[in-house]
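K.L.:
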Amino acid sequence: MAFCNKLGGLLRQSISTGNAVSANSPTPAMLNAIRCMSSKLFVGGLSWGTDDQSLKEAFTSFGDVVDAKVIIDRDSGRSRGFGFVNFSDEGCAKEAMNAMDGQQLHGRNIRVNLAQERAPRSGGYGGGGGDGYGGGYGGQARDNDGF
């Protein structure tokens, strides 16, 4: 199901940007999404000094690393202490997970697991509150006897 959602999203994005996908030349983003669906690792416990390149270098000995991404906090610009590594092969990803879980990287013991697909998020601000409360922005409050 996650695969279908990912592929559908990439197709919608290609169509909306005017890059119609032909049967003879799929876009590289689509190929990477298909290739990486079951070979993405979550890496937790990263040091603040770990960047995308050093994360990738730490895992290249296990196989072809398609990409590595350290997640950065929007407000501070610092690492959030975790990232993701995508391998081109599921077997390499599992080998890397078994070998690297609990090992030291840049002075910190890291946790390595298969990445889980994030549950879909609901959009907008707030939902409906209890009786008499509007739902976040744009909600319409009821008359509460002057309170």
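Taking our numbering, I'd label the letters of the sequence shown as residues 45 to 191. Each residue gets a CB set at the ideal place from its N, CA and C atoms; glycine is no exception.
(1) Which two residues bound the contiguous beta strand (DSSP E) that contains Asp195?
(2) Rounded to whole angstroms, what is the Cα-Cα separation between His150 and Gly93?
(3) Measure from the alpha carbon of Lys100 to the alpha carbon of each residue in Lys113, Gly88 and Ser91, then state which is nearest.
(4) Work out the CA separation of Phe106 and Leu158 for me, nearest whole Å.
(5) From Leu75 to Ser132, what distance separates their C-alpha atoms?
(6) Can the beta-carbon of Ser91 be found less than 8 Å from the beta-carbon of Arg155?
(7) Considering only the alpha carbon of each residue, which of Gly135, Ser123, Glu139 and Arg165 lies closest to Gly88?
(8) Assuming Gly135 is part of the alpha helix (DSSP H), what are its boundary residues?
(9) Quick check: Phe128 and Lys84, are their CB atoms within less than 8 Å of each other?
P.N.:
Looking at the atomic coordinates:
(1) Outside the displayed span of the chain (45 to 191) sits residue 195, for which this structure offers no information.
(2) Taking the first residue of the sequence shown as 1, we reach residue 150 at position 106. Taking the first residue of the sequence shown as 1, we reach residue 93 at position 49. Taking the straight line joining both Cα atoms gives about 8 Å.
(3) The residue given as residue 100 occupies position 56 in the sequence shown. Ranking Lys113, Gly88 and Ser91 by Cα distance to Lys100 puts Lys113 first.
(4) For the purposes of this step, residue 158 is taken as the residue at position 114 of the sequence shown. For the purposes of this step, residue 106 is taken as the residue at position 62 of the sequence shown. If you draw a straight line from the Cα of Leu158 to the Cα of Phe106, it comes to about 15 Å.
(5) In the sequence shown, residue 75 corresponds to position 31, counting from 1. In the sequence shown, residue 132 corresponds to position 88, counting from 1. For Leu75, the predicted model reports a pLDDT of 48, less than 50, meaning its position is unreliable; a value from the coordinates is still stated below. Cα atoms of Leu75 and Ser132: separation of roughly 10 Å, rounded to the nearest angstrom.
(6) Working through the sequence shown from its first residue, we reach residue 91 at position 47. Working through the sequence shown from its first residue, we reach residue 155 at position 111. No; because the gap between Cβ atoms is not below 8 Å, this pair is not in contact.
(7) Taking the sequence shown and counting its residues from 1, the one referred to as residue 88 is at position 44. For the residues Gly135, Ser123, Glu139 and Arg165, the minimum Cα distance to Gly88 belongs to Ser123.
(8) Counting from 1 along the sequence shown, the entry for residue 135 is found at position 91. Per DSSP, the unbroken alpha helix (DSSP H) holding Gly135 starts and ends at Glu134 to Met144.
(9) Position 84 of the sequence shown, counting from 1, holds the residue named residue 128. Position 40 of the sequence shown, counting from 1, holds the residue named residue 84. Their beta carbons are under 8 Å apart, which means Phe128 touches Lys84 by this criterion.
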